[in-house]
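Chemist: Counting along the sequence shown from 1, when you hit position 182 you're at 181 in numbering that gives the first Met the number 0, and nothing is skipped either side. Think of the CB as a built atom: it goes at the ideal place given N, C-alpha and C, for glycine as much as any other residue.
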Amino acid sequence: MSVSTQTTASSAAKTFAPAKVARVCVMGLGYVGLPTALLYAQQGLEVQGVDINPQRLEALKSGHLPEGFAEYQDWWQALKTTMPANQPIFEVGDTPAPADAFIIAVPTPFDDTTKHCDLSAVESAVRAILPVLAEGNLVVLESTVPPGTTRRHILPLIESTGLVVGESVFLCFCPERVLPGNTQAEMINNDRLVGGVTTTCARLGHQLLSRVVVGGDVFMTDDATAEFCKLAENTYRDVNIALANELAKVAEQVGINMHEALPLINRHPRVNLHRPGIGVGGHCIAVDPWFMVEAAPEQTPLIRLARTINDQQPMHIVGQLTALLAQSGQASPKLVVVGLTYKPNVADTRQSPAFEIFETFKAQGLEVLAYDPLLTDYNQVPLETLAQGADCLAVLVNHTDVQTLLSEQRQVLMSVMRTPHIVVY
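(1) Under the three-state reduction of DSSP, which class applies to Gly-204: helix, strand or coil?
(2) Can you tell me where the beta strand (DSSP E) with Met-82 in it begins and where it stops?
(3) Okay, do the segment 264 to 278 and the segment 209 to 220 touch, 3+ Cβ pairs below 8 Å being the bar?
(4) Taking 9 Å as the cut-off, decide whether the C-beta atoms of Ile-103 and Ser-142 are in contact.
(5) What are the complete alpha helix (DSSP H) segments, minimum 4 residues, inside the segment 194 to 273?
(6) Could you have a look at Ala-157 and say whether DSSP puts it in helix, strand or coil?
(7) Tell me where the alpha helix (DSSP H) around Asn-324 begins and ends.
(8) Taking Val-144 and Phe-357 to be in contact with their CB atoms under 8 Å, please state how far apart those CB atoms are, rounded to whole angstroms.
(9) For Ser-351, which of Ile-284, Phe-227 and Lys-19 has the nearest alpha-carbon?
(10) Which class does Gln-379 belong to by DSSP, given the choice of helix, strand or coil?
(11) Do you know whose CA, among Val-367, Val-121 and Val-253, lies nearest Val-25's CA?
(12) Short of 7 Å in beta carbon distance, which residues of its chain neighbour Val-270, apart from the five on each side in sequence? Order them along the chain.
(13) Is the Cβ-Cβ distance between Asp-287 and Asn-344 less than 9 Å?
(14) Determine the extent of the beta strand (DSSP E) in which Val-23 is found, giving its start and end residues.
(15) What does a CB cutoff of less than 7 Å around Ala-8 pick up in its chain, not counting 5 residues either side in sequence?
(16) Could you please give the first and the last residue of the uninterrupted beta strand (DSSP E) stretch that includes Leu-38?
(17) Any heavy atom of the ligand NAD inside 8 Å of the beta-carbon of Met-186?
(18) Among all the DSSP beta bridges, which residues are the ones paired with Tyr-370?
(19) With Ala-454 as the anchor, note down where its alpha helix (DSSP H) starts and where it stops.
(20) With contact counted as at least three CB pairs below 8 Å, one residue from each stretch, are the segment 228 to 242 and the segment 195 to 208 in contact?
(21) When the Cα atoms are used, what is the spatial distance from Leu-368 to Lys-361?
(22) Check whether the Cβ atoms of Val-125 and Ala-100 sit closer than 9 Å, and answer yes or no.
(23) Terminal residues of the continuous alpha helix (DSSP H) containing Leu-405?
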């Protein structure tokens, strides 16, 4: 494990006395918090997971993963197998207990009207730990936030207790770097950042994070730089996707197959153009660039424009599908959309462009049906049944299960459609 820092040689960091962290409290048991808690428990630390969702807590207390968390079944079963019944190392509740380290992994909702980050959940989580926060404790913020949040919002709350950050209590920002659907491998193997309010805070954060990041490197910096880096990573991807979507529109207009051109473009050794699609969804790439805009509104016209381009992409797809349906010549065409989640192989519809497309056609009064193998509300009726009499079947989210289904049933589906037109985005 190598360590990098802007101000201190890695050899010096390695000689720093290890933090004596035996008990960790993870605030928030969502898509980042729950696997984080399980990972630390697997490393032998006592872990308390805290959440305000009673259904989620009840499921975990009864020995089951909550709905939507099947990705972590292997970790969950392994932990239950090795955990002593008389002394569990992973417990859950709605109120934090004393711990050596507190990890804040709660949502940072996006206000679609103001385009600003809502820090209320983060601040509530920090306030909740204050009664049990003690000298020597480490507080780690993992929730994605605008630059300056750790120092301007979290530090004053902690120091309201009389503790002094950097002397009697320690504070870091450590952004998560995970890909939903591959979270376990990425938590263990991805390089991570630890942004400390002081150098000592960063070193203590490094000691904790190194317990679980066994396949990657941990790099130390200050808190604001770590916050900025997290937003820059997702902003880069959003801007790149916006460029790809715009180039795809140009290709469409001049008669070029963009999907054929893309791999040829990327044969250039210094080009990494992303794949165009139906839009950008989820709670990261579709949201985080606005936090960068919030930090410097006058300096971010490109970021703002990229967000606008990607936000408009679902309506561009609606236009494409409307034109395809018109070609059927049917007065009342029928559309079937396949895939409603925000990305393939993940049962999450947050900020989903596919769902927006589906809802737009419904609002227009078109006969439109939806199928998604990952969503209970949309997988009860077989796709073959839904496709009967359809004039277009549009695969908006190409799950692995959908790819298999199409390879096995394409001819059957086309045989039951009124107009046998299948399009895959």
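Modeler: Reading from the atomic positions:
(1) Here residue 204 corresponds to residue number 205 of the sequence shown, with the count starting at 1. Note: Gly-204 maps to helix in three-state DSSP.
(2) In the sequence shown, the residue the question calls residue 82 occupies position 83. It is not in any beta strand (DSSP E) - Met-82 carries neither H nor E in the DSSP assignment.
(3) no
(4) The sequence position of residue 103 within the sequence shown is 104, counting from 1. The sequence position of residue 142 within the sequence shown is 143, counting from 1. Against a cut-off of 9 Å, the Cβ pair of Ser-142 and Ile-103 comes out as a contact.
(5) 198 to 208, 222 to 253 and 257 to 264
(6) Residue numbering aside, residue 157 sits at position 158 when the sequence shown is read from its first letter. The sequence given here has Ile at residue 157, not Ala. Ile-157: helix per DSSP, three-state reduction.
(7) Taking the first residue of the sequence shown as position 1, residue 324 is located at position 325. Per the sequence presented here, residue 324 reads as Leu, with Asn not at that position. Element bounds for Leu-324: 300 to 326.
(8) Position 145 of the sequence shown, counted from the start, is the residue given in the question as residue 144. Position 358 of the sequence shown, counted from the start, is the residue given in the question as residue 357. That belief does not hold up - the Cβ atoms of Val-144 and Phe-357 are roughly 32 Å apart, past 8 Å.
(9) If you number the sequence shown from 1, residue 351 lands on position 352. It is Ile-284 whose Cα lies nearest to the Cα of Ser-351.
(10) In the sequence shown, residue 379 corresponds to position 380, counting from 1. The answer is coil: DSSP assigns Gln-379 none of H, G, I, E or B.
(11) Counting from one through the sequence shown, the residue named residue 25 turns up at place 26. Val-25 has its Cα closest to that of Val-121, out of Val-367, Val-121 and Val-253.
(12) To locate residue 270, count along the sequence shown from 1; it is residue 271. Only Ile-264 meet the Cβ criterion.
(13) Indexing the sequence shown from 1 puts residue 287 at position 288. Indexing the sequence shown from 1 puts residue 344 at position 345. In this structure, Asn-344 does not lie closer than 9 Å to Asp-287 by Cβ.
(14) On the sequence shown, position 24 is the one that residue 23 refers to. 22 to 26 is the span of the beta strand (DSSP E), which, as asked, contains Val-23.
(15) Locating residue 8 in the sequence shown gives position 9, counting from the first residue. Confidence at Ala-8 is low in this model, with a pLDDT of 32, below 50, so its placement is unreliable and the value that follows should be read with caution. There are no such residues.
(16) The residue you call residue 38 lines up with position 39 of the sequence shown. Here Leu-38 belongs to no beta strand (DSSP E); instead the alpha helix (DSSP H) covers 32 to 41.
(17) With respect to the ligand NAD, the structure shown offers nothing to examine, as it has no ligands at all.
(18) For the purposes of this step, residue 370 is taken as the residue at position 371 of the sequence shown. According to DSSP, Tyr-370 bridges with Val-337.
(19) The first residue shown for the chain is 0 and the last is 424, placing residue 454 beyond what the model contains.
(20) no
(21) As a working note, residue 368 is residue 369 in the sequence shown. As a working note, residue 361 is residue 362 in the sequence shown. C-alpha separation (whole angstroms): 9 Å.
(22) Counting from 1 along the sequence shown, the entry for residue 125 is found at position 126. Counting from 1 along the sequence shown, the entry for residue 100 is found at position 101. It is not a contact, given that the beta carbons lie outside the stated cut-off.
(23) Position 406 of the sequence shown, counted from the start, is the residue given in the question as residue 405. That run of the alpha helix (DSSP H) goes 399 to 415.
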